[in-house]
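Comments concern the structure below.
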Ligand code: PMP
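In our numbering, the protein residues as written are 84 to 433.
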């Protein structure tokens, strides 16, 4: 039987489910609500025409990295591009974890850290944030050094809570934890405080970035890993040779040239996130958590019903199933119109 060839340890895995994408209002995936401008689309078309489609892409995405370097202020020698930061998470896991090696993650945090570790046969140590989703940094450091994982990975701002860890605390973690520390800055453009500038000061710090959120380019699948030269050399050993296709590299280069446009988009998104936060905070029965990302997390005893009601109205937000997020819903900031619609429906049902 062919099943006898399947891996026993992933037999109960459920593939990542995205669900249907044909909702009237989609505020579930932390995407940007801003499509490319006509001007940008025209520039993209011209650039894409010049691609050598018969050739493999640049394996090191050199030009793309130099544009991202210009965007983020760190030399391209510390950088590697990925097919989304998702791929970079998997590459880090593959580079450092052997079967049964440990990785420490925070609960709650981005679920793919756990998934890639388990697929690799690694062990996940879960460290919890406190009641309001903040971290007790000293306790995290103590637990990490007791359990001795090879990697500690966390997102800052956190997905799905929107909570942040102050820079001095992140650096304390990096300094005191005797392991590789990966800071996933997927939402950093909405927060503004990064540790990317500290890359060459630590031997154990890796920063991840993505173009899927603030840069409005989720369709391209572009992410960046930034770290010191020694770690980068090790990580590159397991990178698939042509991981970022030429179309995405080329479009990424065009977008990253438009820094002013990107800044305007970020400001618009922050404005909508703050609007969503303020209005949700005024609704009785909801506990709304502070956020520095492009989404708002809130808790309600009626989370299940609110979600069902919104789905009936063609509105998709993110409902969490278990543990501390059981009664939580996450809404990505949309256009003002979309935000008004979702709020109106929540007021009616909440
Ligand atoms: N990290 C975090 C914290 C995320 O929320 C996401 C996407 N939801 C990713 C990484 C992956 O982003 P991408 O693969 O689109 O770059």
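Backbone N, C-alpha and C fix where the C-beta goes; we use that ideal spot for every residue, glycine too.
* From this set, 323, 177 and 223, which residue's C-alpha is nearest residue 261's C-alpha? -> 223
* Assuming residue 402 contacts residue 385 (C-beta within less than 8 Å), just tell me the rounded distance between them. => About 12 Å separates the two Cβ atoms, so there is no contact after all.
* Asked: Below 8 Å between beta carbons: does that hold for residue 411 and residue 378?
  -> no
* To do: Measure how close the beta-carbons of residue 246 and residue 217 come, nearest whole angstrom, since I'm counting them as under 8 Å.
  => 6 Å
* Asked: Taking C-beta to C-beta, are residue 115 and residue 297 nearer than 8 Å?
  -> yes
* To do: Let me know the secondary structure DSSP gives residue 301 once reduced to three states.
  => Residue state, collapsed to three classes: helix.
* What is the DSSP secondary structure of residue 382, counted as helix, strand or coil? -> strand
* Under 5 Å from any heavy atom of the ligand PMP, by CB: list those residues in chain order, please. => For the ligand PMP, the selected residues are 167, 168, 169, 193, 238, 242, 267, 269, 293, 295 and 306.
* **Rounded C-alpha distance that separates residue 305 from residue 154** => 14 Å
* Asked: For residue 187, does the three-state DSSP call read helix, strand or coil?
  -> strand
* Helix, strand or coil for residue 205 per DSSP? -> coil
* So residue 328 and residue 140 are in contact, right, with Cβ under 8 Å, and what is the actual spacing, rounded? -> The beta-carbon distance between residue 328 and residue 140, rounded to whole angstroms, is 5 Å. This is short enough to meet the 8 Å contact definition.
* Cβ pair residue 178, residue 265 closer than 8 Å -> no
* With a threshold of 16 other CB atoms inside 10 Å of the CB of residue 335, please say whether the residue is buried or exposed. => buried
* Rounded to whole angstroms, what's the CA-CA distance from residue 302 to residue 98? Just pull it up for me. => 20 Å
* Asked: What do you reckon, are the CB atoms on residue 413 and residue 243 nearer than 8 Å?
  -> yes
* DSSP state of residue 334 mapped onto helix, strand, coil -> helix
* Asked: So residue 172 packs on residue 196, CB below 8 Å; how close in whole Å?
  -> 6 Å
* To do: Please state if the CB of residue 362 and the CB of residue 400 are separated by a distance shorter than 8 Å.
  => no
* Where does residue 209 land, buried or exposed, given buried means 16+ other C-beta within 10 angstroms? -> exposed
* Start-to-end residues for the beta strand (DSSP E) that takes in residue 292 -> 288 to 293
* **When 205, 257, 404 and 348 are compared against residue 225, the one with the closest alpha-carbon** => Measuring from the Cα of residue 225, the nearest candidate turns out to be 257.
* **Length of the line joining the Cα atoms of residue 28 and residue 118** => Because residue 28 is not part of the residues shown, which for the chain are 84 to 433, the question remains open.
* Buried versus exposed, by CB contacts within 10 Å (16 or more), residue 404 -> By the neighbour-count criterion, in which 16 or more other beta carbons inside 10 Å mark a residue as buried, residue 404 falls on the exposed side.
* Reference residue 159, options 167, 145, 170 and 165, closest by Cα -> Residue 159 has its Cα closest to that of 145, out of 167, 145, 170 and 165.
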